[in-house]
Each structure stands twice: as C-alpha cells, then as structure tokens.
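If you want the numbering used here, it's the 1-based position in the sequence shown plus 2. Okay, structure first, notes after.
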Amino acid sequence: MDRPNLTPAYPSVWAAERSYDIRELTRIVRRRKSIVIGTVTLILALTVFFLSQLTPTYRAEALVIVESRKANIADLREILTDVSANQETTRNEIEVIRSRTLARRVIEQLGLAERDEFNSSRSRSLLEIASKAAALGGKDETNPGPADRQALAAQAARAASLDEVVDEFLKHLDVRPTKASRVISVRFQSRDAQLAADVANAVADTYTNRFIETKIAIAEKAAGWLNGQVNALREAVARSEKAVEAFRTQSGLLRGSQVTLISEEISEINRRLAAASADRAQATATLNEVQALQKASNIEAAQAIMESPVVQQLRIQEAAVLRELAELSIELGERHPRVINKKSELEKFRAKIEAEMERVLKGYATAVSVATAREDSLDRELNKLKSKQALANSREIELRELEREADANRKLLETFLTRLKETTPQLDTEMQVPGATVLSPAAVPLRSLPDKRIVLAVATIIALLLGLGLALMAERLDYGFRHAEQVSEATGLPVIAHLPVARGGRDGPESAMLDSQPSLFLEGIRSTYIQLALRSKRPAIRSLLVTSSMPKEGKTTLAIGLTRARAIAGHRALLIDADLRRPSVHVRLKLAREPGLVDLLVGDASLEQVLQRDEPTGAFVIASGSAARDPSDLLGSKAVKAFLDQACESFDLVVLDSSPLMSVSDACNLAPLAEETVFVIQWGKTGREVVKLALEKLTETQGVPRGIVLSRVDTAKIRLYGYGDAAYYDRTVREYYTRGSA
C-alpha cells in the first residue's frame, strides 16, 4: 500500500498564552467556579468560625489637643508655664498619658481592679499570692513576727495584683498622635462599650487635670517658700533699720527730712550767718553814711535819718509851725507875742529833731555792734558744727553701709511680696488654664471589634480575589487542550471532530451507535470520517489507523464507532484490535478474544477463522488473539503488510485500533502501513508536551496524522471557553441534531 510523504506541520515553538480580557476572565470564573466557590466557602467558613470564637470588644476614642496657652489674669505671671506645642513635646505627652502613674489613678477612680477583664489574678487564689509573698517576706533580715509577715504578704499581694491590673490596662490603651497635628488620640478597648468610653474619657480628663494639679502643687510650694522668705526678710529689714537708727543715735547722725541734723544745722547757720553779715554790712553802710553827713553838717540829708518815723513826724509838726509862724508874722509882725511863742515852739521842735537824730545815729551804731556780735557768734557756732560734721563724715561711711544693707533687704522684701501676690491667685483652680484640653470626648461605641460585617466583607473580597487567583493559576497550569485553536497552534494539525461524552448508550459509548435517537456523539463519529475523506487525497479511504498518546483517551471508542458507522451505512467495514498489550475490543463488543490477529500473523489461523461478526451492525471484527511474546516485532513483520493489503481488497474500510504511542512503539510500526491516521486527544486532560512528543515520535515513521479528534468533550464546560468550536454544543445546535429540523 503506497503512502504519500507528508511533511509534519508542528510548530517548533508552542503558542504563547492568550492575554486575559474581561470576557475571558468571566469565562475562567465560570469554568473554574468550583475553585472560586470552594475557596470563598472555605475562607468564609474559617472566618465565621474565627469570629464565633472571639469575644467582642469595643473601642472608644477621645481626642486631646496639646496647646500653648498662658493664663493672663491681672497681668500675673504663672509659676508653671504651659507646654510648647511641637512634635517632641507631643511624643513626651503621649508617654505621660501611657505612664503607669496615670494608669493607676484611672484604675482607682473607676475601680477597674475589681473587674475580671483587667485583674486576671482574681482567678487565682489570694492565699497562694499571699503565701508566696510571705515566703519572700520571711527572708527579710529584720525577721518580723507572724502578724507582720502576714501584713507584708497581704500588702505584697495587693501590689502584685495592682501591677498586673496596670499591665493589662496598658494593653487595652492605645495612644497615638494624629497625622500632622497637635491632637493626640486616646483609644481604649474593652468588652463593655460603656466602660470603654468611660475609661477613654477618664484618661483624657486625668491627663488634662494633671496640668492644673501640677500648677497648683508648684504654686503651693512656691507660695510656702515665698511666705518663709518674706517673713525672714521682714525680720532682716527690721533688724537692719534698727541698726541704722541706733548707729545714727549713737553717732549723732540724726536725719531731718532729707539730710542729717548736723547738715541741716550747718545749712541753717550758714543761712543765718549770711543774713547776719548782710545786716551788719547794711547797718555799717548806713552808719558810715550818717556819720559822714554828720561830719559835713548835713545830717538831715541822710536817708536813714529821714526815714525815722519820729523825725518824719517832728518834721511835719515843724513845717506846720513854720507855716503858722509865717502867717502870724505877716499878719501880726515879728514882735507879736504870738509870733514870739511860735518861734519858741519852732525851736523846741528843732531841738527834738536834733535829739531824735542823735538817738537814731546811736541806734545805728548799736545795730552795727549787735550785728557784728551776732555775726561773730554765728561764725563761732558754724565752726563748731563743721568740726562735728568732719567727725560725722568719718562715721557716715559705716552708716551708709548699714543703710545699703537695710535698703537691699527692703527691696528684696518688696520683690518677694510682689511675687507672693502674683503666686497666690494661681492657687485658685478656676483661674488655671491647662496646657491640654479635651477636643472631642469619647462616645459609647455602637460597633464591636472586630466589626463582623467589615470582617466578613473583607474576608469575602479576599476570598474572591484568592479564588480568582487560584482559578487563574489553575488555568495557567492547565496544559490540556480545551479548544481547537489550542490544538492547531500547538500541533499544526486541524481538529476534524469533537466527541462528547456519550450518555445515550446503555452498555458504554460504543453502544451509542445503536441508539435510534440522534446525538452529538453520533454526529462526531460521522464527522470524523467525512472530514478524513474530504482531507484525503484518495478517492476512498481503505485503511485507517486510530491512535493516541496515552491510554484511555477514547481511541478504541472512536475505532469502534467508525467501524459501526460505516457498517450501518451499508459498507463492509473491518475493525482490527491491534493493541496486543491490552486489547479491549472483544470485551466491549462481547466477542471472543481467540483466535485473532496474533494467531493469524503467526499462521495458526486463517482469515476466515479470525473474522467475527458484530451482530447489531454487521461489521466484521478481528480480536487481538493469543498473547504475543514480542508484539512490536510481530506488528513490524512483513506478514502485517501482506495481511492489510489482503484486507483492503476484501473490505471497504479497515480500521486499526493501535496501542498508545507513549506506552509502546507498536503504533509506529502500523502508521506507515495505513493510508490515514487519526490522532485522538482527550479533551482537557492530555498534556501538551505529551502530545508533542507522541506526534514527533509518530512523524519519525512518516505517519503524519490527517487530523486530531478531541474525545470525551465536556459539552457543558467547553461552552465556557468562548471559542469557535464551542458553537458545536450550543443549545440550538444540539436541538437541531436531537429533534431534527422544522
């Protein structure tokens, strides 16, 4: 039998994986829905179990802002300034909030030591703790008595229990700064929602009140110290002032309004001396003037004489007498007695004026003497005072030192009194402004932690993503052929038919050929032969080899189906079971195994003896026959070629069911002898590398297959791949085959 030299069309490089778009991802999820659903179900089940084992807790949050503000009350400076708002200070304040001291205050305030949530030691026996503490206390060198040891043990037990409560409390407390601000978040987590809010608010309030308490404590301490200093300074000022006054009295350095008494006396004497000197000079000048006029017999010209009231009065009287005398002289004459009396009266007045002038002159002389004596007396007194002042100046140095000490004590006392007045108002709580305030108090949380809805939603999303990832991974790891394009890209050979899983036959897929109801399986068998005939360069196919790369891929089913289909169509068809290793044709068709092909080839039986009839279809069958010692050598003998030539002359179609290529090389001996070869690949299972190696092995014998048949196709899944060959299994196509056209 001549066979054309066909050139293999396998590509040297396998086609790259297709990129995934939305539709392809949707198809992947649909065809891998078991993985996705299983993953989601498993993760959600684990999540629900985990949540059921958790004790629900609640977390409340209070916001505290650290700010730099100073109380400006009556312009008094504060003893303790507020904190400056910077990042370093914020971190420091966070550590203050997390301190064990503040935690103890909150625990004592809310009585948290009595709650089992924080005091795990309550579950232990207090006697056990006390006994351990007593054992430790018994090692003390003081060796206390039993009562003292018991008291120490109870105290140690309470301290240990409180430390445990503080440790547990700090585990529930979360203090952190908010991003790019001076706000501190105080969070507390508890099984009780109300307690969580109460503790968060208590921590925030205790922290903010700490500023006021610290300021008041420092102010009290400062006020106490200032009071002590003020009292001491008052005593010091009193002592120094007494010392100054005593030294003044002792030294005679008594002060007037501004200076010492000696200085005041000297000033007064100087003033009086200057006045006395002026008076003396004035009196001397007047006296000298009067005496000079007296010597010139012109004393009446002396102003000092004329200013005398007595002289002035006498002059007036003298002028009146002269006026009367002149009138009388003119009227009565010079010798008239009245004129003579007036002249006598005038002489008396003139005598009085001269006597008064002498008296005034003597008075000026006396005044000069008195002024001179007074000036001399004041000068002597001034000299005495100057001597005293010289002595006082030497002692005033010591006095000024005492005065400086007293003045310094006085100024220091005034400073401390002022500071005490500034400090005293800060003892009032209402006047204090804390360096941190509660920006937002904690509200009672309504949702527990973890939030089951959020956890379930996140778990669902994660499960879906993980399921999708596993589905994609499974898709990437799927090296089986799922559609015709993959086969063509990988092998260069066309897919000539799809054989779905046969569900119509009662005794296996080969019995499906006997059903009267049309099916996709039957159409696949018929399509295989039709496509082979159309692609073959021969008028009619006389011999056909059916093989595969691995066992149980459906090659025997295809061989039986082709043979029965041709027999039903009225052709003489012969099926030869050439799988001498594991023959199965006789089992499926319920025929005898012996005699068969082996017996025919070794000459133990004739063709008529090995031929068996498939009664339901009228096809002829040659079973494998007796067990062969070397099947490969037997199938490679010339007897096989001679037998096939004889069979092709007697039958319209000879179908050879050979062994898998990857198991043994029997098919390689038969491939060159058959006119056409059909390669069967199980849909979605046979690996691509396996197919490649099998085809390469087959090609070496010039047995290039005419086409590929995809067997055991899952009609429900192949539609999910969205390729062209999925149209074969569309519902309308399936109904067309099974119900006929309208």
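All C-beta atoms, glycine included, are put in the ideal place defined by N, C-alpha and C.
Own chain residues within Cβ distance below 6 Å of residue i, not counting five before or after
i, result
"K364", "none"
"R412", "V239"
"R631", "none"
"H338", "none"
"E596", "G627 and S628"
"Q191", "T59, R61 and H174"
"Q196", "V446"
"A793", "There is no way to answer for residue 793, as the model of the chain reaches only from 3 to 744."
"S279", "E377"
"A438", "V66, V68 and T210"
"E407", "S242"
Beta carbon of residue i nearer than 8 Å to that of residue j
i, j, result
"L46", "T530", "no"
"G705", "C650", "no"
"A60", "L441", "Here residue 60 is Tyr; the residue named in the question, Ala, does not match the sequence. In this structure, L441 does not lie closer than 8 Å to Y60 by Cβ."
"L415", "S242", "no"
"L603", "V642", "yes"
"I67", "A473", "no"
"T208", "L112", "no"
"T619", "A569", "yes"
"V446", "A199", "yes"
"T92", "P179", "yes"
"L316", "I355", "yes"
"L65", "V185", "yes"
"V503", "A575", "no"
"L609", "F622", "no"
"R193", "T43", "no"
"T717", "A673", "no"
"S586", "T565", "no"
Cβ shell of residue i (< 7 Å), same chain only, five flanking positions each side left out
i, result
"A285", "Y366, A369, V370 and A373"
"N272", "L384"
"S551", "P662, L663, M664, T688, V692, V693 and A696"
"T41", "A465, L468, G469 and L472"
"Q684", "E555, G556, S713 and R714"
"F120", "L114, V167, E170 and F171"
"A499", "G526, S529, T530, Q533 and V711"
"L646", "M3, S545, V656 and L675"
Opening and closing residue of the beta strand (DSSP E) in which residue i lies
i, result
"H588", "Element bounds for H588: not the beta strand (DSSP E) but the alpha helix (DSSP H), V587 to R590."
"L65", "Y60 to V68"
"F622", "A621 to I624"
"Q614", "L613 to D616"
"V460", "From DSSP, V460 is part of no beta strand (DSSP E) but of the alpha helix (DSSP H) over K454 to L479."
"V657", "L655 to D659"
Same chain only: Cβ atoms within 8 Å of residue i, ignoring 5 sequence neighbours per side
i, result
"L560", "L501, I527, T530, V548, V680, V682, V711 and S713"
"K640", "none"
"Q320", "The question names Gln, yet the displayed sequence has Glu at residue 320. So the qualifying residues of the chain are L348, F351, R352 and I355."
"I109", "A115, F120, L164, V167, V168 and F171"
"S634", "V666, S667, D668 and N671"
"T9", "A caution first: T9 carries a pLDDT of 41, below 50, which makes its placement in the model too unreliable to give a value."
"V497", "A486, V489, S490, G709, I710, V711, L712 and D727"
Whole-Å CB distance - residue i paired with residue j, under 8 Å assumed
i, j, result
"I543", "E678", "5 Å"
"V188", "E63", "7 Å"
"F351", "V323", "6 Å"
"L637", "D659", "Not really, about 12 Å apart at Cβ, beyond 8 Å."
"L387", "E266", "Wrong, their Cβ atoms sit about 10 Å apart, outside the cutoff."
"A625", "A594", "7 Å"
"E326", "K344", "6 Å"
Limits of the unbroken alpha helix (DSSP H) element including residue i
i, result
"I30", "I24 to R33"
"F523", "L522 to R537"
"P633", "P633 to L637"
"A492", "A486 to T493"
"S442", "It is not in any alpha helix (DSSP H) - S442 instead sits in the beta strand (DSSP E) that spans A438 to S442."
"I578", "Unbroken run through I578 is the beta strand (DSSP E), A575 to D579; no alpha helix (DSSP H)."
"E93", "Correcting the residue identity first, residue 93 is Arg in this sequence and not Glu. From DSSP, the alpha helix (DSSP H) with R93 extends over Q89 to I99."
"L700", "R690 to T701"
"S652", "K640 to S652"
Identity of the residues DSSP links to residue i by a beta bridge
i, result
"R178", "S187"
"D378", "According to DSSP, D378 bridges with nothing at all."
"Q684", "S713"
"T286", "T286 is not bridged to any residue."
"P502", "V715"
"T420", "Partner(s): none; T420 has no beta bridge."
"E678", "L546"
"L451", "T59"
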